[in-house]
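Chains as they are written, first to last, in my numbering: chain A, 1 to 190; chain B, 1 to 190.
We treat Cβ as the ideally placed atom computed from N, Cα and C, and that holds for glycine.
The following block contains the structure:
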């Protein structure tokens, strides 16, 4: 579980998160972030490309974990995707609830950030589908397993960051996966 | 099944679709659209607000059909959402495959249009969840049924507009719903 490292990237991420919370995303400039981190704007742009990206640098690592977990499993497709998200919950999110809540409320404050979040999520899903197909699955099954697993993760995540939550994200993922299974199972009449 | 009506709204929508296809979305102005429809820019802005909206005026009707279908049913939640999308397929999409394909390729050509499509889809899902909750469902079940039904619709829709497709959208929805049920059902080992 990587903590904020005292490297340039980690310092800039932490400074961005602090400033976005203190002043708002719109009101914070890249120069502000660099100054807070004791670095210069050039370093920021070299590492992140743009201001928004300081909130999304975890997505590369997230994709890596998901794709690796899916590639290594021999579980059924939906179980494989759910297990991959559980791995992410354990390796990337555990012990970081406050950080994740803060990031979430910053993103919720800006349509521009929400758009980037949607695109990143779409790219992640596409990568998981590709990994499932590489396991020999047909495209439809791969897409349905990915989308259903992503739904489980989204709902579990929302429950996890809710103010009154005290379960772990990994446990919530299991709980929601079971609920989704019940909801989509054949109706009782049959 | 409403056809293009010879009213201002319908003429502007048809003109916009033609011009977006002929010249591209970016290259078409609101003035071009109004001229092609034999109307003025003011009329366009009064009816649509902005250029993008000429491609999304069907979404109000779509939401209306979905919400009504969900409100009236006593089926299990996932079945209710799937049946609502099937209703949309029959009332709004049947006999319009070429139009839908054209609209789809225009949207695929522009990130700006894709963003609006994503937001409209999000708003639709929220409305369906509210309608399910009004039926007395708890929030998690309502969200899981909505998201799973929306996944079925998305995958069926992609299959329907694919170049070599010849099934109806309604039949594809049933087919994909059955596939999703299989994918998310408990693994065989148990």
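Option in the options with minimal Cα separation from residue i
i: residue 102(A); options: 162(A), 41(A), 174(A) and 65(A); result: 162(A)
i: residue 169(A); options: 48(A), 132(A), 143(A) and 154(A); result: 154(A)
i: residue 194(B); options: 181(B), 172(B) and 130(B); result: What is shown of chain B runs 1 to 190, which leaves residue 194(B) out entirely.
i: residue 88(B); options: 150(B), 74(B), 12(B) and 8(B); result: 150(B)
i: residue 145(B); options: 77(B), 47(B), 185(B) and 94(B); result: 77(B)
i: residue 100(A); options: 185(A), 18(A) and 7(A); result: 18(A)
i: residue 185(A); options: 90(B), 164(B), 141(B) and 11(B); result: 141(B)
i: residue 40(A); options: 117(A), 55(A) and 12(A); result: 12(A)
i: residue 93(A); options: 125(A), 7(A) and 58(A); result: 58(A)
i: residue 123(A); options: 60(A), 71(A) and 7(A); result: 60(A)
i: residue 138(B); options: 91(A), 179(A) and 75(A); result: 179(A)
i: residue 217(B); options: 75(B), 15(B) and 16(B); result: No statement about residue 217(B) is possible, as the shown extent of chain B runs from 1 to 190 and does not include it.
Euclidean distance between Cα positions of residue i and residue j
i: residue 183(B); j: residue 108(B); result: 28 Å
i: residue 119(B); j: residue 113(B); result: 10 Å
i: residue 44(B); j: residue 128(B); result: 30 Å
i: residue 65(B); j: residue 84(B); result: 7 Å
i: residue 157(A); j: residue 97(A); result: 10 Å
i: residue 79(A); j: residue 160(A); result: 20 Å
i: residue 63(A); j: residue 31(A); result: 29 Å
i: residue 131(A); j: residue 34(B); result: 47 Å
i: residue 174(A); j: residue 166(A); result: 15 Å
i: residue 73(A); j: residue 172(B); result: 30 Å
i: residue 37(A); j: residue 164(A); result: 33 Å
i: residue 47(B); j: residue 9(B); result: 7 Å
i: residue 53(A); j: residue 116(B); result: 21 Å
i: residue 56(A); j: residue 25(A); result: 14 Å
i: residue 2(A); j: residue 71(A); result: Residue placement at residue 2(A) cannot be trusted, given a pLDDT of 43 that sits under 50; what the coordinates show is reported in the next sentence. The straight-line gap from Cα to Cα measures roughly 23 Å.
i: residue 86(B); j: residue 69(B); result: 10 Å
i: residue 143(A); j: residue 121(A); result: 14 Å
i: residue 16(B); j: residue 49(B); result: 14 Å
i: residue 95(A); j: residue 67(A); result: 23 Å
i: residue 90(A); j: residue 42(A); result: 34 Å
i: residue 14(A); j: residue 7(B); result: 56 Å
Buried versus exposed call for residue i [16 or more other C-beta atoms within 10 Å across all chains shown]
i: residue 105(B); result: exposed
i: residue 111(A); result: exposed
i: residue 27(A); result: exposed
i: residue 29(A); result: exposed
i: residue 82(A); result: buried
i: residue 51(A); result: buried
i: residue 152(B); result: buried
i: residue 20(B); result: buried
i: residue 134(A); result: exposed
i: residue 177(B); result: buried
i: residue 190(A); result: Residue placement at residue 190(A) is flagged as unreliable, the pLDDT there being 42, under the threshold of 50; the coordinate-derived value follows with that caveat. Flag for residue 190(A) reads exposed.
i: residue 23(A); result: exposed
i: residue 126(A); result: exposed
i: residue 5(B); result: Confidence at residue 5(B) is low in this model, with a pLDDT of 45, below 50, so its placement is unreliable and the value that follows should be read with caution. Exposed, since its Cβ has fewer than 16 Cβ neighbours within 10 Å.
Partner residues on chain A for residue i, Cβ-Cβ distance less than 7 Å
i: residue 78(B); result: 183 and 184
i: residue 115(B); result: 115
Chain A contact residues for residue i, given Cβ-Cβ distances below 9 Å
i: residue 130(B); result: Within 9 Å Cβ-Cβ: nothing; residue 130(B) doesn't reach chain A, min ~16 Å.
Partner residues on chain B for residue i, Cβ-Cβ distance less than 7 Å
i: residue 147(A); result: 151
i: residue 155(A); result: 140, 143 and 144
Partner residues on chain B for residue i, Cβ-Cβ distance less than 9 Å
i: residue 118(A); result: 115, 118, 119 and 122
i: residue 19(A); result: Per Cβ cutoff of 9 Å: no residues; residue 19(A) is ~26 Å from chain B at best.
Proximal residues of chain A, C-beta to C-beta of residue i below 8 Å
i: residue 180(B); result: 144, 148 and 184
Any non-hydrogen atom of the ligand HEM closer than 7 Å to residue i Cβ
i: residue 64(A); result: In the structure on display, the ligand HEM does not appear, and there are no ligands present to speak of.
is_contact[residue i, chain D] using C-beta, thresh 8 Å
i: residue 24(A); result: Here the protein chains are A and B, and chain D is not one of them.
Next on the checklist: Threshold first: 4 residues or longer. Then list the alpha helix (DSSP H) segments lying entirely within the stretch 118-184 of chain B, N to C.
Outcome noted: The alpha helix (DSSP H) runs of length 4 or more contained entirely in the stretch 118-184 of chain B are, from start to end of the chain, 139-161 and 169-184.
Item to check | Continuous alpha helix (DSSP H) assignments of at least 4 residues falling wholly in the stretch 66-126 of chain B | outcome: Under the rule that a run must span 4 or more residues, the alpha helix (DSSP H) segments found entirely inside the stretch 66-126 of chain B read 77-88 and 97-108.
Next on the checklist: I'd like the ranges of any alpha helix (DSSP H) spanning at least 4 consecutive residues and lying wholly in the stretch 14-65 of chain B.
Outcome noted: List check, alpha helix (DSSP H) in window: 30-37 and 41-48.
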